[in-house]
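A quick write-up on the structure given underneath.
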Amino acid sequence: MSGDAAEADGVPRDEGPDGAPTRSSAKKRYKRLRRRIGAALISTVGPTLFRLLARTWRLEFVGRANMPESTDVGFLVAVWHGRMLLGMPSHPGRLYSVLVSPSDDGSLAKLALERFGYRIIRGSSGRSGARALREMLNVVKGGQRVVVTPDGPRGPQHSTNPGLAWLARATGFPIVPIGIVADRAWHLRSWDAFTIAKPFSRVAVVYGEPVVVERGSGEAGLEAATAELRKRLIAAEVRGCELIGAEQDW
């Protein structure tokens, strides 16, 4: 028995004995409707509202020297999934490509990011994302930066896996960890506690020391680089909290 069309005792799974929709069927329809509404809002009023909100933020930067300034140099960027929105005002889309999962949530993220000029790469940061890896290779060699969320798309929050370190080894480019925090923010009830800074908040953007993975690194090297990346991402956010007097929210 598999799929929505699977049956039990001759009754479709998404219908009751009387032909009425079951609770699970109603939930699926509600989720589809919610996604359609969300997609419509994201592609219409969302960008305008966000730009107005972001203009009120007071951005403060630390460690900018860790980010190559030349647009001829490509590299990988790591930021926690829940902080992506905070980083958009200070990182123009024309310079960045973003790795977005092929999930439904990824489709919503794609809509939003494209409205701000980001190039989208659909795929996984895991080792199975061969097509995404090839595209990232071409993008990085062309001088663009590729943004990856090491704890996305499903978490848990602030987790990392060897996939990004594997990408760094395969491409030969460093990973720049970016910690971003706000002193006043809303947090969505999602696995990543998605962060939206409130109007006139202070937002700290901290660029950590790049993580370099040597091409000859084995499994132990990948695991060490993965642990170090997580350590530097968390350290960057701790430094940001100290800078603006914010409480750690994780």
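Following UniProt numbering, the numbering of the sequence shown begins with 1 at its first residue and continues without gaps. In this text, a Cβ means the ideal position worked out from N, Cα and C, and glycines have one as well.
Glu223 and Leu229 have their C-alpha atoms some 10 Å from each other. Within the same chain, and ignoring the five residues on either side of Val140 in sequence, the residues whose Cβ sits closer than 8 Å to its Cβ are Gly74, Phe75, Leu76, Val146, Thr171 and Phe173. Tyr30 carries a helical assignment under DSSP once its states are collapsed to helix, strand and coil.
DSSP lists Thr195 as the bridge partner or partners of His187. Here Ala182 carries a strand assignment [DSSP, helix/strand/coil]. A direct Cα-to-Cα measurement between Asp72 and Ala26 gives close to 51 Å. Excluding five sequence positions before and after Leu243, the CB atoms of its chain that fall closer than 8 Å to its own CB belong to Glu60, Val62, Ala204 and Val206, given in chain order.
Sequence-distant partners of Val212 (beyond 5 residues in either direction) whose C-beta falls short of 7 Å from its own C-beta, in its chain, are Pro174. Rounded to the nearest angstrom, the gap between the Cα atoms of Glu247 and Lys198 is 15 Å. Counting the other Cβ atoms within 10 Å of the Cβ of Pro162 gives 16 or more, which makes it buried. Between Ala132 and Ile121, the beta carbon gap of about 6 Å places them in contact (Cβ cut-off 8 Å). Your pair Ser101 and Pro153 checks out as a contact, with CB atoms roughly 4 Å apart and the cut at 8 Å. Closest in alpha carbon position to Ser190, among Leu167, Pro156 and Arg58, is Pro156. Selection Pro150, Arg215, Lys231 and His187 evaluated against Ala78 yields Pro150 as nearest (Cα-Cα). Within the UniProt domain "DUF374" (92-156), the complete alpha helix (DSSP H) segments of 4 residues or longer fall at 104-115 and 130-141, listed in chain order. For the options Phe116, Met88 and Gly216, the alpha carbon positioned closest to that of Val181 is the one of Met88. In the structure shown, the three-state DSSP call for Arg202 is strand.
The three-state reading of DSSP puts Glu247 in coil, since its state is none of H, G, I, E or B.
At a Cβ-Cβ threshold of 7 Å, Phe194 and Gly82 count as neighbours. Rounded to the nearest whole angstrom, the C-alpha separation of Ala130 and Gly245 is 42 Å. The residue among Ser159, Met84 and Gly216 with its C-alpha nearest the C-alpha of Trp166 is Gly216. Under the three-state reduction of DSSP, Val238 is assigned to helix. Less than 7 Å separates the beta-carbon of Gly93 from that of Tyr118. Distance from the CA of Glu69 to the CA of His158, rounded to the nearest whole angstrom, comes to 27 Å. It is roughly 33 Å from the alpha-carbon of Ala109 to the alpha-carbon of Gly218. Collapsing the DSSP output to three states places Arg55 in coil.
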